[in-house]
Amino acid sequence: MKKIISFIIVLSFLFAIYYLSNKKTKQPITKNSTVTVSILPQKYFVEKIAGSTLKVNVMIPPGKSPATYDPTPSQMKLLNNSKIYFRIGYIPFEFAWIDKIKSANKNMKIIDTSVGINLIKNGKSTDPHIWITPREVKIEIKNIYNSLIENFPENKELYTQNYKSFIIKLDNLDKLFTDSLKNITNKKFIVYHPVWSYFARDYNLKQIPIEIDGKSPSAKNMQNIINISKKNRIKVVFVQLQFPIEDAKTIADAINGKVIQIDPLSEDWLENSKKTIKVFEEVLGGKNE
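Numbering follows full-length UniProt numbering, in which position 253 of the sequence shown is assigned residue number 253; successive positions increment by one, without gaps.
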């Protein structure tokens with residue numbers, strides 16, 4: 001009798017181990033477990049909430065500009081596997097391709113992550129660069145989170161936990177931005193492409209762009225920027241990696257300054273943001289002259 005009881009106990013123990021190990025086994029990615037985004041920072045945002053439960057497809061690859069990139073036929077084909085498309089909202093790529101993106105998969109839901117953001121208007125156009133600062137990103141990821149728990153309710157507990165954790169990191173980053181810039185005296189900075197509009201608004205800075213409405217500057221505008229730079233003792237011109245540096249270098253040479261390249265489209269969004277704010281702190285604080 002004792003042998004039978006011992007056998008039953010051992011069998012029950014083995015069954016429990018088998019059950020728990022299978023319960024923890026990661027489920028394979030299926031067709032409905034893929035979502036698509038426009039740019040790399042969005043991939044970071046989705047993965048911060050979804051972890052490894054979803055595959056994230058990115059339309060604009062590293063080194064390419066959202067202002068000029070055209071997707072390949074193979075990229076368009078990949079949309080067949082996507083359940084959701086998270087759009088930034090107003091980047092030129094989306095304006096040019098959103099109808100074809102919708103046609104590629106009529107069952108795919110299109111989610112505009114800019115909903116709820118106090119958007120910056122430039123005449124008839126809208127500034128699309130809402131992924132730069134933590135204050136706008138908090139609204140973006142709320143839109144992403146709401147869509148994910150609606151479409152993947154089985155993962156709500158995990159997504160909610162990850163969402164709350166990421167919100168804390170964004171609040172800490174916002175404090176880092178504020179603390180890093182609170183003592184600077186020169187609040188003006190020169191950029192090639194006006195990607196830093198929300199950053200400037202959120203932290204009381206003044207962005208002076210070389211390129212306006214996607215157009216290269218005229219000789220008159222170049223001279224005007226040179227004059228502003230000299231008057232305000234600006235010695236650095238910022239250029240993002242996806243844009244040419246020739247016009248920026250012309251201005252930098254004229255003011256006896258230099259060009260600094262930064263990448264607002266880096267996939268590792270949080271670490272890149274920390275590095276970028278350090279550069280801005282040094283430049284605007286006069287430590288980089």
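Glycine is no exception: its CB is placed at the ideal position from the N, C-alpha and C atoms.
Computed from a predicted structure; not experimentally measured.
Buried versus exposed call for residue i [16 or more other C-beta atoms within 10 Å across all chains shown]
i	result
residue 292	Shown here, the chain extends from 1 to 289; a query on residue 292 therefore has no answer.
residue 39	buried
residue 256	exposed
residue 166	buried
residue 161	exposed
residue 276	buried
residue 128	buried
N-terminal and C-terminal residue of the beta strand (DSSP E) that residue i is part of
i	result
residue 221	Unbroken run through residue 221 is the alpha helix (DSSP H), 219-231; no beta strand (DSSP E).
residue 209	206-209
residue 35	34-37
residue 85	82-87
Close beta carbons around residue i, own chain, < 6 Å, minus the five adjacent residues each side
i	result
residue 181	203
residue 285	184
residue 112	87 and 89
residue 259	237, 239, 245, 248, 249 and 252
residue 116	139
residue 53	155
Simplified DSSP state of residue i, which is helix, strand or coil
i	result
residue 74	helix
residue 261	strand
residue 161	helix
residue 43	helix
residue 251	helix
residue 60	coil
residue 124	coil
residue 49	helix
residue 112	strand
Residue i: first and last residue of the uninterrupted alpha helix (DSSP H) it sits in
i	result
residue 98	92-104
residue 237	That residue, residue 237, is in no alpha helix (DSSP H); its beta strand (DSSP E) goes 236-240.
residue 272	269-284
Spatial neighbours of residue i in its chain, beta-carbon cut-off 8 Å, leaving aside the 5 residues before and after
i	result
residue 79	36, 57, 85, 101, 104, 105 and 108
residue 266	40, 41 and 272
residue 214	67 and 92
residue 187	204, 205, 206 and 284
Own chain residues within Cβ distance below 7 Å of residue i, not counting five before or after
i	result
residue 110	85, 87 and 102
residue 47	56
Counting only runs of 3+ residues fully inside the stretch 129-200, write out the beta strand (DSSP E) ranges in chain order.
As summarised for the stretch 129-200, the continuous beta strand (DSSP E) elements at least 3 residues long and confined to that stretch are 188-191, given in chain order.
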